[in-house]
Amino acid sequence: MRWLACALILLAGCGSASETPVAEPAREAGVLFAYEVGNHLHRYGGRVFEDGRYELFSGEPDWETFEPFTPDQVEQIAAAVDKAESLPGEIKGGSDPIPPDTARATFTLRGREVVVDEYPQASPPELEAILELIARLRKKPPVASTWEVWTGSETVKLQVPCDMGDVAVLADLRDALFMPSPSATASRFPDPPSGTPLVRIEFADGETHAVAADDGEPGRADAVKAALAGTDWAKLPPRLC
Amino acid sequence: MTPEHNPGEQREEQTAARVPDVAPDVPQSTHDRLLGLQQQVGNAAFGRMVSRWKAGKAILAREDIPTEAEIAEAEAWAAEGKKSSKDLTPGAGGAGLNNAPGGFDAEYDPKLGELTIIMRCGVEFVDGISKAGVARKGLEKELEKANALPTEIERQQRLALFRWGDGEDAVDKTTFRTDVEKEVEPFWSGKHQFFMRKKGWSWLGATVKVDLKVDNKSRVPDAHLTMKPVKVPDTVSLGANVEPGGATNARDQVMNVTSNVHASGSFLNHFVTFDVGKSDVKPGQDTKLQNVIDTFKGAETSAGSGVADARSIQTPVFLTGHASKTGNAAFNQKLSEDRARSVEKFMKEHGFVNTEVRTAEMGVGDTEATGGEVENDRRVDIQIGSGNSQNTLRHEFGHAFGLGDEYASTPLVSPGQTPAQGTPAMGDTATHDNLVKNMVDAGGTPLKGAVCEPTDSIMSVGDVVRPQHYATFHASLTKITEPHGPWALGSPTAKNEALPGSAGTGATTAPAPEPDAVPV
Ligand SMILES: [Zn+2]
Numbered sequence: 000m001r002w003l004a005c006a007l008i009l010l011a012g013c014g015s016a017s018e019t020p021v022a023e024p025a026r027e028a029g030v031l032f033a034y035e036v037g038n039h040l041h042r043y044g045g046r047v048f049e050d051g052r053y054e055l056f057s058g059e060p061d062w063e064t065f066e067p068f069t070p071d072q073v074e075q076i077a078a079a080v081d082k083a084e085s086l087p088g089e090i091k092g093g094s095d096p097i098p099p100d101t102a103r104a105t106f107t108l109r110g111r112e113v114v115v116d117e118y119p120q121a122s123p124p125e126l127e128a129i130l131e132l133i134a135r136l137r138k139k140p141p142v143a144s145t146w147e148v149w150t151g152s153e154t155v156k157l158q159v160p161c162d163m164g165d166v167a168v169l170a171d172l173r174d175a176l177f178m179p180s181p182s183a184t185a186s187r188f189p190d191p192p193s194g195t196p197l198v199r200i201e202f203a204d205g206e207t208h209a210v211a212a213d214d215g216e217p218g219r220a221d222a223v224k225a226a227l228a229g230t231d232w233a234k235l236p237p238r239l240c
Numbered sequence: 000m001t002p003e004h005n006p007g008e009q010r011e012e013q014t015a016a017r018v019p020d021v022a023p024d025v026p027q028s029t030h031d032r033l034l035g036l037q038q039q040v041g042n043a044a045f046g047r048m049v050s051r052w053k054a055g056k057a058i059l060a061r062e063d064i065p066t067e068a069e070i071a072e073a074e075a076w077a078a079e080g081k082k083s084s085k086d087l088t089p090g091a092g093g094a095g096l097n098n099a100p101g102g103f104d105a106e107y108d109p110k111l112g113e114l115t116i117i118m119r120c121g122v123e124f125v126d127g128i129s130k131a132g133v134a135r136k137g138l139e140k141e142l143e144k145a146n147a148l149p150t151e152i153e154r155q156q157r158l159a160l161f162r163w164g165d166g167e168d169a170v171d172k173t174t175f176r177t178d179v180e181k182e183v184e185p186f187w188s189g190k191h192q193f194f195m196r197k198k199g200w201s202w203l204g205a206t207v208k209v210d211l212k213v214d215n216k217s218r219v220p221d222a223h224l225t226m227k228p229v230k231v232p233d234t235v236s237l238g239a240n241v242e243p244g245g246a247t248n249a250r251d252q253v254m255n256v257t258s259n260v261h262a263s264g265s266f267l268n269h270f271v272t273f274d275v276g277k278s279d280v281k282p283g284q285d286t287k288l289q290n291v292i293d294t295f296k297g298a299e300t301s302a303g304s305g306v307a308d309a310r311s312i313q314t315p316v317f318l319t320g321h322a323s324k325t326g327n328a329a330f331n332q333k334l335s336e337d338r339a340r341s342v343e344k345f346m347k348e349h350g351f352v353n354t355e356v357r358t359a360e361m362g363v364g365d366t367e368a369t370g371g372e373v374e375n376d377r378r379v380d381i382q383i384g385s386g387n388s389q390n391t392l393r394h395e396f397g398h399a400f401g402l403g404d405e406y407a408s409t410p411l412v413s414p415g416q417t418p419a420q421g422t423p424a425m426g427d428t429a430t431h432d433n434l435v436k437n438m439v440d441a442g443g444t445p446l447k448g449a450v451c452e453p454t455d456s457i458m459s460v461g462d463v464v465r466p467q468h469y470a471t472f473h474a475s476l477t478k479i480t481e482p483h484g485p486w487a488l489g490s491p492t493a494k495n496e497a498l499p500g501s502a503g504t505g506a507t508t509a510p511a512p513e514p515d516a517v518p519v
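Chains as they are written, first to last, in numbering that gives the first Met the number 0: chain H, 0 to 240; chain S, 0 to 519.
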């Protein structure tokens, strides 16, 4: 078991001598698919149970439970696991010599283990397909939003029915709105009239977020203005996706 | 008790012994000084240093003194100016598991007495969670946690922590570039010094300066190393590794790290607990202690032989006993001491190599921290060597300089992994072993080499840069100053001085005696 090493990594930088009790890994009853990956510096993993339970760990060896998969999703994962049935018990990367601090992965496919010695380089498509499927199934349903954007001379309204991350033209503005410690050189971009925000987002659930030209957070308004100045918002279609 | 490692002698002689390799912050406590000396020169060299002084001063023969002609030859060579070479891969001389060739330029300035290791690092910034919301491997849990946040604004703010700022010179990118230099350069610079161990030339010294030139990959077309830092908040870990590339290609190394240049791992502090009023190692704790022993016992000539491999660091272990605050103070003091002694006895009886000379035990009586009757207050702390955490980035740069790993699969470090899977076994030869054997101490004696074992060394699981970790720097210095050499560990001499270790019987291996210890 590689769990004590994980517990020790937890202590990083704190100088404490405490050692936490460690959890047992993937080999638990009812596991449909599990993986644990890493080297002596860091380990992480995940597991899906046949009843849909979904658990993950990273660094700390304690599994954390997240929203379960639906029966239909479990079926899809089971089908992907079945496609990996013929994989051998150990898959070697073939590097000679094997690079320093190479990560190694142990996959559990319904109680059968497949070890990948050089992960992820040597990981077979069957295993990666299961992980990609899980990532797809876990993608959060999009939260639709409406954006009111100051163009420099007027405010335009843009509908974003998809996830804002999927809209390339919003990328810089999104960073300017949500990244910590924003910084940008002050733009000559004209301020909107008093009471009109530079940008205002209303999410489908009614939540709103706005940044004004006189925003109290240092650098935020300048960062937003710099992002606004980079796009001709008035020329965009009213629906961005 | 081996004569090469005698803590009693070290304590006695430490004020007389000069540490030849620059230690900018000279440790003050006995505990630290002992460690400092052992870390600076190694056990064998330190033992010889001690016996050298014990043997007393010796008389030099006339032929040991450099001639005017020899000094003039060296001066003429030095006057030619800097010696340098580009795209060196000195680690390519290594062999076997986890071989890392390294890749850097090296420049020696005789006037300054300085070897500069120049490594150009091109950075390719990688988002931990992409704009489209796709997590890098290992960040699945972080994405789930972000997606579970109650509001969309909180979620967007959390996801933004996994993206690099926009543009080539976003604040977080420039900070990362600067921080890499700040974290790595001083750590790897100035730890040990070389001098040319050639009669008449030994006044030529070489301190080591590491100069990283970190910039965006697009601006460093001739980078030795491509760094791919994954953006994460500082509380999130992701591990790291180096893909060394071809053995003689100095420009194809890739380092996978995170944006957190301060990420570290801690392996060197452990403890066992005791029953109330008891000092015997109890069931359950014995297993824990056995794991510590099996991890840090030190490499042996053969597994279980009890005889240390000549290359073993033999990291010292500090045992500190504690008692809970309840009860009589004098009794608790004795109990603490008994507990520390009990752990030492257990280690000796259960396979720890050279327990007598490697362990120092003490008791501190009551534990102030908690008060009351708390199990963790009834304990013995076990500190391996420096006891410090290992900064991940500094370790990975060791690979970039061409060093291999020195840790080994043991109960507390990558257990269950095999050399075939890329993790060395206890006692395996480290890939830079032969380069280390090419190094000599000040007296001209070759170093013993490098072996894989968990220790407080930077290429193992700790933070100490030992002479052996300058093996690829030494190899590059040797190459760019050919055909002159060899370069030995230690400080340069005065111009008219004999080579260190020339004088007297039994003194040929003294590492770097005080100038006034060798009358001429
Ligand atoms: Zn390593």
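Cβ atoms here follow ideal geometry from the backbone N, Cα and C, with glycine treated the same way.
Residues in the same chain with beta-carbon distance under 8 Å from residue 212/S, minus the five sequence neighbours each way, listed in chain order, please. 117, 118, 119, 120, 219
Distance, residue 107/S Cα to residue 410/S Cα: 43 Å
Quick check for students: name the residue ranges of the beta strand (DSSP E) that lie wholly in the region 145-198 of chain H, counting only runs of 3 or more. 154-159
Give the DSSP-derived three-state secondary structure of residue 204/S in the structure shown. strand
Taking C-beta pairs closer than 7 Å, name the residues in chain C that residue 119/H reaches, listed in chain order. You won't find chain C in this structure, because its protein chains are H and S.
Beta carbon proximity, residue 27/H to chain S, threshold 9 Å: no
Hey, does residue 500/S have any beta-carbon neighbour from chain H nearer than 9 Å? No, residue 500/S lies away from the interface with chain H (no Cβ there is under 9 Å from its Cβ).
Compute every distance between the C-beta of residue 99/H and the non-hydrogen atoms of ligand 1, then say whether any falls below 8 Å. yes
heavy atom of ligand 1 below 8 Å from residue 241/S C-beta: yes
Taking the continuous alpha helix (DSSP H) assigned at residue 73/H, which residues delimit it? 70-82
Give me the Cα-Cα distance between residue 145/S and residue 98/S, rounded to the nearest whole angstrom. 39 Å
Where DSSP assigns a beta bridge to residue 447/S, which residues make up the other side? According to DSSP, which records beta bridges pairwise, residue 447/S is partnered with nothing at all.
Rounded to a whole number of angstroms, what is the C-alpha to C-alpha distance between residue 49/H and residue 332/S? 55 Å
Against chain H, which members of the region 87-107 of chain S pass a CB distance test of less than 7 Å? 95, 96, 97, 98, 99
Examine the Cβ distances between the region 83-99 of chain H and the region 234-243 of chain S and report whether three or more of them are shorter than 8 Å. yes
Residue 443/S versus residue 434/S - alpha carbon distance: 15 Å
Chain H within 9 Å of residue 398/S, Cβ atoms only: yes
Near-chain S residues of the region 56-75 of chain H (beta-carbon distance less than 9 Å), N- to C-terminal order: Among the residues of the region 56-75 of chain H, those with a Cβ less than 9 Å away from any Cβ of chain S are 56, 57, 58, 63, 65, 66, in the order of the chain.
Which chain H residues sit within Cβ distance under 8 Å of residue 248/S? Ordered by position in chain H, no residue passes the 8 Å Cβ test against residue 248/S, which lies about 14 Å from the chain.
Counting only runs of 3+ residues fully inside the region 163-202 of chain S, write out the beta strand (DSSP E) ranges in chain order. Taken in chain order, the complete beta strand (DSSP E) segments of 3 residues or longer contained in the region 163-202 of chain S are 192-195.
Using a 10 Å radius around the Cβ and a threshold of 16 neighbouring Cβ atoms, would you call residue 190/S buried or exposed? buried
So the beta strand (DSSP E) residue 529/S belongs to, where does it begin and stop? Examination of residue 529/S is not possible in this model, given that chain S is present from 0 through 519 alone.
Where the region 98-128 of chain H meets chain S: residues whose CB sits under 9 Å from a CB there: Closer than 9 Å at the C-beta level to chain S, one finds these residues of the region 98-128 of chain H: 98, 99, 100, 101, 102, 103, 114, 116, 117, 118, 119, 120.
Any non-hydrogen atom of ligand 3 closer than 8 Å to residue 97/S Cβ: The model on display carries ligand 1 but not ligand 3.
Does any heavy atom of ligand 1 sit closer than 8 Å to the C-beta of residue 395/S? Answer for residue 395/S: yes, Cβ within range of ligand 1.
By the three-class DSSP mapping on this structure, what secondary structure does residue 29/S have? Model confidence at residue 29/S stands at a pLDDT of 38, short of 50, so the residue's coordinates are unreliable; what they give is reported in the following sentence. Residue state, collapsed to three classes: helix.
Contact set between residue 206/H and chain S, taken where Cβ atoms lie within less than 9 Å: 150, 151, 152
Using a beta-carbon distance below 9 Å, is residue 223/H in contact with chain S? Under the 9 Å criterion on CB atoms, residue 223/H is classed as non-interfacial with respect to chain S.
Taking the beta carbon of residue 221/H as the centre, do at least 16 other beta carbons fall within 10 Å, making it buried, or is it exposed? With 16 or more Cβ atoms within 10 Å of its Cβ, residue 221/H is classed as buried.
To the nearest angstrom, how far is it from the Cα of residue 116/H to the Cα of residue 147/H? 51 Å
Can you pull the chain S neighbours of residue 220/H, defined as C-beta to C-beta under 7 Å? Within chain S, not a single residue places a beta-carbon under 7 Å from that of residue 220/H; the smallest gap is close to 16 Å.
Would you grab the beta carbon distance between residue 488/S and residue 424/S for me? Rounded to a whole angstrom, and I think it's under 8 Å. Not really, about 29 Å apart at Cβ, beyond 8 Å.
Would you kindly report the start and end of the unbroken alpha helix (DSSP H) that includes residue 116/H? Element bounds for residue 116/H: not the alpha helix (DSSP H) but the beta strand (DSSP E), 111-118.
Residue 320/S by DSSP, collapsed to three states: which one? strand
Consider the Cβ of residue 142/H: report whether some Cβ of chain S lies at a distance smaller than 9 Å. yes
Using only CA atoms, which one of 86/H, 155/H, 176/H lies nearest to residue 163/H? Taking only the C-alpha atoms, the option nearest residue 163/H is 176/H.
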